[in-house]
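Chains as they are written, first to last, in my numbering: chain A, 81 to 234; chain B, 233 to 532.
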């Protein structure tokens, strides 16, 4: 049943619309974390092109220029696809490393894209968000694993 | 994690083509996303309808959660007010007595000011209030500092209206939906505000830094004239933001300006007042004379 991964990624994207107010970008991109953990935990469950629709959905809520996450998430998906074609076996730590790398790339890419359309702040303010997102990834993987066992049960 | 099962689909031509098609779709989708991005970079207002839809969908949940958050804050405030109530009462009464004379003085000044304005025939272009709402969410995971307001076109909120809270200036409206509006906060790098120092009217500009602070740059060159603790207010130059709205306090002096901490904290503001654009009528007349000339305003 694909409804559970799809709904979980979209709901995670919507987290940013809850009344969290931060002076800078601090809230981790939960949609991206959820998307990456589904992709890394269950390769082949989400199609290769799914980064585009999920990313565009995330753009509706994130405040970034429309198409920014659509492009970056799709590129992240293709990067994982390339990594998967080179490696035979991944373990959990390698998953975390790949996710950490992709989170950093996507957040910096988002900063760069926002800077194309508008005046952009110093990239150093992204550092706390990147660290927080990387540290929260294992938690999201656990949520994802619970949802996966639910998915397999239905 | 084992390699995915679909990687080598065997000798079936159909399965091989199916796999190939997913890659083609993925790359085509990426290109489409890049095109959409190009459009939204060239014309940032282009997809505002979609974003508005997004915030309209999630607004009900955000409203409920925000109401709960506000009442929790009120609860803790009420509880903490009881601690040390007696000594606080004494201090406050002392302050009240001290402030009373200052208040009377200010009242007299206000009357005198009004009389002088009457003598000089200065018409008061008072910034008028449009509606009162609340900030219900913000783009906490993006480098842009945009907040969502709980009211929209249903209360007459329009683009390019200033938004202020009880503590000071919050930002301005950049997109409106039926029941929500998006507010570009003063801390966004895109938001420039004409300001002045409250003590002597030293003119300056403020630009957001994206991290909750604003950079205040004086118009005249040379060494930074600011001191830590200086109070910055809006100057009203050029319209849009009214004059004398509390804006920020200088917290650090830099080589060519100062870093300021805005008075209005979006996380902690009980309400947000949407104001008509300051000197909006004069601006509209200017636009009427040069409708699509060099002075044409571009949407955010």
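No residue lacks a Cβ here, since even glycine has one placed at the ideal position from N, Cα and C.
Handout entry: Span of the beta strand (DSSP E) around residue 428(B)
Key = Reading the second chain from its first residue, position 196 is the one you call residue 428(B). Its beta strand (DSSP E) spans residues 424-429.
Exercise for the section: Return the bridge partner residues of residue 490(B) from the DSSP annotation. Expected result: Numbered from 1 along the second chain, position 258 holds the residue referred to as residue 490(B). 448(B) and 485(B).
Practice task
Pull out every residue of the stretch 471-487 of chain B whose Cβ sits closer than 9 Å to any Cβ of chain A, in chain order.
Solution key: none
Practice task
Would you mind stating whether residue 372(B) and residue 212(A) have Cβ atoms separated by less than 8 Å?
Solution key: Taking the second chain and counting its residues from 1, the one referred to as residue 372(B) is at position 140. Taking the first chain and counting its residues from 1, the one referred to as residue 212(A) is at position 132. Their beta carbons are not under 8 Å apart, which means residue 372(B) does not touch residue 212(A) by this criterion.
Practice task
For residue 90(A), I'd like the list of residues in its chain whose CB is within less than 6 Å of its CB, leaving aside the five on either flank, ordered along the chain.
Solution key: As a first step, residue 90(A) must be located in the first chain, where it is residue number 10. Excluding sequence neighbours, residue 90(A) sits near 137.
Exercise for the section: Report yes if the CB atom of residue 369(B) is closer than 8 Å to the CB atom of residue 300(B), and no otherwise. Expected result: One-based indexing of the second chain puts residue 369(B) at position 137. One-based indexing of the second chain puts residue 300(B) at position 68. The Cβ atoms of residue 369(B) and residue 300(B) lie no closer than 8 Å to each other.
Exercise for the section: Below 7 Å CB to CB, which residues in the same chain sit around residue 498(B) once its five sequence neighbours on both sides are set aside? Expected result: Along the second chain, read from residue 1 onward, the residue named residue 498(B) stands at position 266. Only 367, 370, 379, 402 and 417 meet the Cβ criterion.
Problem - Three or more C-beta pairs below 8 Å linking the stretch 192-201 of chain A and the stretch 153-170 of chain A - result: no
Handout entry: Environment of residue 228(A) [buried if 16+ CB atoms lie within 10 Å]
Key = Locating residue 228(A) in the first chain gives position 148, where the first residue counts as 1. Flag for residue 228(A) reads buried.
Handout entry: Where residue 285(B) meets chain A, residues with beta-carbon distance less than 8 Å
Key = For the purposes of this step, residue 285(B) is identified with residue 53 of the second chain, where counting begins at 1. Within chain A, the C-beta atoms nearer than 8 Å to that of residue 285(B) come from 140, in chain order.
Practice task
For residue 294(A), decide whether its Cβ has a neighbour in chain B, counting only Cβ atoms nearer than 8 Å.
Solution key: In this structure chain A extends from 81 to 234, so residue 294(A) is not present and cannot be described.
Exercise for the section: Decide yes or no for the touch test of the stretch 272-281 of chain B against the stretch 119-137 of chain A: beta carbon pairs closer than 8 Å, at least 3 of them. Expected result: no
Practice task
Under 8 Å between beta-carbons, which chain A residues line up against residue 294(B)? List them in chain order, please.
Solution key: Taking the second chain and counting its residues from 1, the one referred to as residue 294(B) is at position 62. Here the neighbours are 97, 98 and 99.
Problem - CA nearest to the CA of residue 478(B), picked from 484(B), 450(B) and 492(B) - result: Within the second chain, numbered from 1, the residue matching residue 478(B) stands at position 246. Ranking 484(B), 450(B) and 492(B) by Cα distance to residue 478(B) puts 492(B) first.
Practice task
Confirm, please, whether the CB-CB distance from residue 510(B) to residue 394(B) is below 8 Å.
Solution key: Within the second chain, residue 394(B) is the residue found at index 162, counting from 1. Within the second chain, residue 510(B) is the residue found at index 278, counting from 1. Cβ distance < 8 Å, so residue 394(B) and residue 510(B) count as in contact.
Problem - Whole-angstrom distance between residue 423(B) and residue 489(B), CA atom to CA atom - result: Numbered from 1 along the second chain, position 257 holds the residue referred to as residue 489(B). Numbered from 1 along the second chain, position 191 holds the residue referred to as residue 423(B). Their backbone Cα atoms lie some 17 Å apart in a straight line.
Practice task
Out of 176(A), 141(A) and 189(A), state which residue places its alpha-carbon closest to the alpha-carbon of residue 152(A).
Solution key: Numbered from its first residue, the first chain carries residue 152(A) at position 72. If we check each option's Cα against that of residue 152(A), 189(A) comes out closest.
Practice task
Determine the DSSP secondary structure at residue 478(B), reduced to helix, strand or coil.
Solution key: Looking up residue 478(B) in the second chain gives position 246. If DSSP states are grouped into helix, strand and coil, residue 478(B) belongs with the strands.
Exercise for the section: Could you say which of 170(A), 155(A) and 165(A) lies nearest to residue 185(A) if we only look at CA atoms? Expected result: The sequence position of residue 185(A) within the first chain is 105, counting from 1. Of 170(A), 155(A) and 165(A), the residue nearest in Cα terms is 155(A).
Practice task
Just confirm the distance between the C-beta atoms of residue 88(A) and residue 114(A), as a whole number of angstroms; I'd bet it's less than 8 Å.
Solution key: The residue you call residue 88(A) lines up with position 8 of the first chain. The residue you call residue 114(A) lines up with position 34 of the first chain. Their Cβ separation, rounded to whole angstroms, is 6 Å, which keeps residue 88(A) and residue 114(A) in contact under 8 Å.
Practice task
Tell me, please, whether the CB atom of residue 505(B) is closer than 8 Å to any CB atom in chain A?
Solution key: The residue labelled residue 505(B) in the question sits at position 273 within the second chain. False, the Cβ-Cβ gap to chain A never drops below 8 Å.
Practice task
Name, please, each residue of chain B whose Cβ falls closer than 9 Å to the Cβ of residue 160(A).
Solution key: As a working note, residue 160(A) is residue 80 in the first chain. By Cβ distance, chain B contributes nothing, its closest Cβ being about 10 Å from residue 160(A), past 9 Å.
Handout entry: Contact residues within the stretch 240-258 of chain B, judged by C-beta distance below 7 Å to chain A
Key = For chain A, the residues of the stretch 240-258 of chain B that bring a beta carbon within less than 7 Å of one of its beta carbons are 254, 255, 257 and 258, in chain order.
Exercise for the section: Kindly indicate which residue of 92(A), 215(A) and 93(A) has the alpha-carbon position closest to the one of residue 173(A). Expected result: Within the first chain, numbered from 1, the residue matching residue 173(A) stands at position 93. Nearest of 92(A), 215(A) and 93(A) to residue 173(A), Cα basis: 215(A).
Practice task
Please report how far the alpha carbon of residue 375(B) lies from the alpha carbon of residue 347(B), in whole angstroms.
Solution key: Here residue 375(B) corresponds to residue number 143 of the second chain, with the count starting at 1. Here residue 347(B) corresponds to residue number 115 of the second chain, with the count starting at 1. Roughly 48 Å between the two C-alpha positions.
Handout entry: Proximal residues of chain A, C-beta to C-beta of residue 276(B) below 8 Å
Key = By one-based count along the second chain, residue 276(B) stands at place 44. Around residue 276(B), the beta-carbon contacts reaching into chain A at under 8 Å are 145, 197 and 198.
Exercise for the section: Could you work out which residues of chain A lie near residue 562(B), taking near to mean beta carbons separated by less than 9 Å? Expected result: It is not possible to answer for residue 562(B), since the shown part of chain B is limited to 233 through 532.
Exercise for the section: Please list the partners that residue 368(B) has in chain A, where partner means a Cβ-to-Cβ separation under 7 Å. Expected result: Position 136 of the second chain holds residue 368(B). Result: 99.
Problem - Closer than 8 Å at the beta carbon, the chain A residues around residue 269(B) - result: For this step, residue 269(B) is matched to residue 37 along the second chain. Simply 145, 146, 147, 148, 150, 151 and 193.
Exercise for the section: Kindly list, in the order they appear in chain B, the residues whose Cβ is closer than 7 Å to that of residue 210(A). Expected result: Here residue 210(A) refers to the residue found at position 130 when the first chain is read from its first residue. Going along chain B, no residue has its Cβ under 7 Å from residue 210(A), so there is no contact; the nearest lies around 11 Å.
Practice task
Using the Cα positions of residue 303(B) and residue 363(B), report the straight-line distance between them to the nearest angstrom.
Solution key: Residue numbering aside, residue 303(B) sits at position 71 when the second chain is read from its first letter. Residue numbering aside, residue 363(B) sits at position 131 when the second chain is read from its first letter. Approximately 22 Å between the Cα atoms of the pair.
Problem - Status (buried if at least 16 other CB within 10 Å, exposed otherwise) for residue 201(A) - result: Residue numbering aside, residue 201(A) sits at position 121 when the first chain is read from its first letter. Per the 10 Å Cβ criterion, buried.
Practice task
Report the residue from 118(A), 140(A) and 165(A) whose alpha carbon sits nearest the alpha carbon of residue 537(B).
Solution key: As displayed, chain B neither begins before 233 nor continues past 532, which places residue 537(B) out of reach and without an answer.
Practice task
Give the single residue among 427(B), 389(B) and 265(B) whose Cα lies nearest to the Cα of residue 474(B).
Solution key: Within the second chain, residue 474(B) is the residue found at index 242, counting from 1. When only C-alpha atoms are compared, the closest one is 427(B).
Problem - beta strand (DSSP E) segment containing residue 82(A), residue limits - result: In the first chain, counting from the first residue as 1, residue 82(A) sits at position 2. From DSSP, residue 82(A) is part of no beta strand (DSSP E); its letter is neither H nor E.
Exercise for the section: Leaving out five residues on either side along the sequence, give the residues of the same chain with a beta carbon under 8 Å from the beta carbon of residue 205(A). Expected result: Your numbering for residue 205(A) matches position 125 in the first chain. Excluding sequence neighbours, residue 205(A) sits near 104 and 105.
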